[in-house]
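K.L.:
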Amino acid sequence: MKWERIPLGPLQTNAYVLVHENGTCLIFDPGSEGEKLIQHIAANRWTPLAVLLTHAHFDHIGAVDDVRNRWTIPVYVHKKEQHWLTDPMKNGSLLFMGETIIVNEADVLLEEEQTLTIGDFSLQVLETPGHSPGSVSYYVEDAQAIVSGDVLFSGSIGRTDLPGGNYEQLLQSIHRQLLVLPEETVVLCGHGPETTIGAEMDTNPFLNGF
Numbered sequence: 001m002k003w004e005r006i007p008l009g010p011l012q013t014n015a016y017v018l019v020h021e022n023g024t025c026l027i028f029d030p031g032s033e034g035e036k037l038i039q040h041i042a043a044n045r046w047t048p049l050a051v052l053l054t055h056a057h058f059d060h061i062g063a064v065d066d067v068r069n070r071w072t073i074p075v076y077v078h079k080k081e082q083h084w085l086t087d088p089m090k091n092g093s094l095l096f097m098g099e100t101i102i103v104n105e106a107d108v109l110l111e112e113e114q115t116l117t118i119g120d121f122s123l124q125v126l127e128t129p130g131h132s133p134g135s136v137s138y139y140v141e142d143a144q145a146i147v148s149g150d151v152l153f154s155g156s157i158g159r160t161d162l163p164g165g166n167y168e169q170l171l172q173s174i175h176r177q178l179l180v181l182p183e184e185t186v187v188l189c190g191h192g193p194e195t196t197i198g199a200e201m202d203t204n205p206f207l208n209g210f
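Just so it is clear: in the sequence shown, position 83 is 83 by UniProt numbering, and no numbers are missing.
1) Since N204 and G149 should fall inside the 8 Å C-beta cutoff, what is the C-beta to C-beta distance between them, to a whole number of angstroms?
2) Out of H78, M97, V103, V75, which has the shortest C-alpha to C-alpha gap to D87?
3) Here's a check: name, in chain order, each residue in its chain whose Cβ is nearer than 7 Å to the Cβ of A145, leaving out the five neighbours to either side.
4) Contact defined as beta carbons within less than 8 Å: I believe V140 pairs with L126. What is the distance between those atoms, to the nearest angstrom?
5) According to DSSP, S122 sits in a beta bridge with which residue or residues?
6) Check whether the stretch 98–116 and the stretch 157–166 are in contact - that is, three or more C-beta pairs closer than 8 Å.
7) Would you mind reading off the limits of the alpha helix (DSSP H) that contains T203?
8) If you drop the 5 nearest sequence neighbours on each side, which residues of the same chain put their C-beta closer than 6 Å to that of K80?
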């Protein structure tokens, strides 16, 4: 199993494609530039099975419908942010972009922590609110990786000054849900480079002393 990071859009939001050895794949956070993402997947002859969203801010959802319509696959999002997909005020596109980003409703609403089985993929859904109320992280043990969205970054953490953000809640999410994972776990961040749980435990200034 392998993964690829594809930065998209003006904020260079990381979309990730997790690829099984059989050629099927999962798409995480297709934020923009849908055609670019589609062409990359098609060129590699991968077969997408689903779109999984870590949260529903505008820069993580802009290409959802492009991908969903191309392959007719389901979209997953946490129930707390189901209406953000269709509301440009809630997803922040009006506030930050001055334009409306609206995508169709999700097909699957995540309401609790659970294990998802999609094709040959098995993922643990971890609720990690703080950056936004419905932020989730997807831990894929077989890949030794976790898709964290905007919860944890290399040397930093997600912002909490947006509607529904909560600094203390974010730190609790990171410590209770992420830092308990094996230290070699690769963190696939929503922006910027990848890191590991161990590296952030050792060097992340926001996590020391909490």
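Where a beta carbon is used, it is the ideal one built from N, C-alpha and C, also for glycine.
P.N.:
Based on what the coordinates show:
1) Actually they do not touch by this definition, with Cβ atoms about 16 Å apart.
2) V103
3) W3, T185, V186, L188
4) No, V140 and L126 are not in contact; Cβ-Cβ is about 11 Å, not under 8 Å.
5) T117
6) no
7) 197–203
8) P133, G134
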